[in-house]
Amino acid sequence: TLKGEKAIQQVIKATYLEITKWKKNLFTLPRGKAGVHFINEVARLILLFTDQTTWKDLSLSMVHVFIPLMLQKPSMNSKAKTNAKFLALRLAKWNEGDLQSLMDEAREIQVRLSQLAKKKETSCHVAFTRLMLLGQVGKAVKLIDSNSDVKGVHELTRHVKSVLADKHP
-6 TLKGEKAIQQ VIKATYLEIT KWKKNLFTLP RGKAGVHFIN EVARLILLFT
44 DQTTWKDLSL SMVHVFIPLM LQKPSMNSKA KTNAKFLALR LAKWNEGDLQ
94 SLMDEAREIQ VRLSQLAKKK ETSCHVAFTR LMLLGQVGKA VKLIDSNSDV
144 KGVHELTRHV KSVLADKHP
């Protein structure tokens, strides 16, 4: 657990910057106790901002970190009951202030997602080659367009700035 507002603020900001680069992998909020506890915690974090507490500067960042950490699908085909169990466990960790454990779990999920993406990319290459050999160029082009590799938020580098300036003078 973290002590002190400055330490929490640094960890939340670093966590937020990491989360913005993740692949989207959220489940819908389950019904029941876990869902109610989730809504109550989001409401509490927002009230920290609206009530002008000492946490107002950090509370909205905490909401932006809280939601993706809590709602990460544990696996590709996880069921609602499994999602509810994981949400309850994650809420308990959040209440204890164990952000590191939550981040470790979420990072592991993101690693699995990227491994699945690599397998999908390989199968995409095979499918593209097959379609081209069959002379179905239109379908092959649609396959490439549907599998865009741009994910998350780009870091603002000189190259990205120049590309944006070319597109939007």
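For reference, each letter of the sequence shown is one residue, going -6 to 162 in the numbering used here. Beta carbons are placed, not taken as given, at the ideal position from N, Cα and C, and that holds for glycine.
1. What residue range is occupied by the uninterrupted alpha helix (DSSP H) comprising Arg83?
2. Report whether the distance from the Cβ of Phe31 to the nearest heavy atom of the ligand COA is below 7 Å.
3. Whole angstroms is fine: what's the gap from Ala36's alpha carbon to Phe59's?
4. Taking Val4 as the reference, give the member of Ser71, Gly90, Ala120 and Leu84 with the closest Cα.
5. Under 8 Å by Cβ, that's how I've got Ala27 and Leu84 pegged, so tell me the actual separation to the nearest angstrom.
6. Kindly indicate which residue of Ala77, Met63, Lys86 and Lys17 has the alpha-carbon position closest to the one of Leu106.
7. What is the DSSP secondary structure of Thr(-6), reduced to helix, strand or coil?
8. With a floor of 4 residues, list each alpha helix (DSSP H) that falls wholly inside the segment 16 to 77, ordered by position along the chain.
9. Output the distance between the C-alpha atoms of Tyr9 and His57, rounded to the nearest integer angstrom.
10. When DSSP labels each residue in this structure, what does His152 get in the three-state scheme?
11. Measuring alpha carbon to alpha carbon, tell me which of Thr21, Ile12 and Ile137 ends up nearest Val119.
12. Can you grab the Cα-Cα spacing for the pair Leu19 / Glu98, in whole Å?
13. Specify the secondary structure class of Leu10 as computed by DSSP and reduced to three states.
14. State the Cα-Cα distance for the pair Asp50 and Phe42, rounded to the nearest angstrom.
15. If we ignore side chains and look at the alpha-carbon of each, how far apart do Val130 and Thr122 end up?
16. I need the straight-line Cα distance from Thr(-6) to Glu11, nearest angstrom please.
Short version:
1. Ala73 to Glu89
2. In terms of ligand content, the structure shown is empty, and the ligand COA therefore cannot be addressed.
3. 12 Å
4. Gly90
5. 7 Å
6. Lys17
7. Note that Thr(-6) scores 47 on pLDDT, short of 50, meaning its location in the model is unreliable; the coordinates nonetheless yield the value given after this. If DSSP states are grouped into helix, strand and coil, Thr(-6) belongs with coil.
8. 26 to 43 and 49 to 63
9. 7 Å
10. helix
11. Ile137
12. 14 Å
13. helix
14. 7 Å
15. 10 Å
16. Residue placement at Thr(-6) is flagged as unreliable, the pLDDT there being 47, under the threshold of 50; a coordinate-derived value is accordingly withheld.
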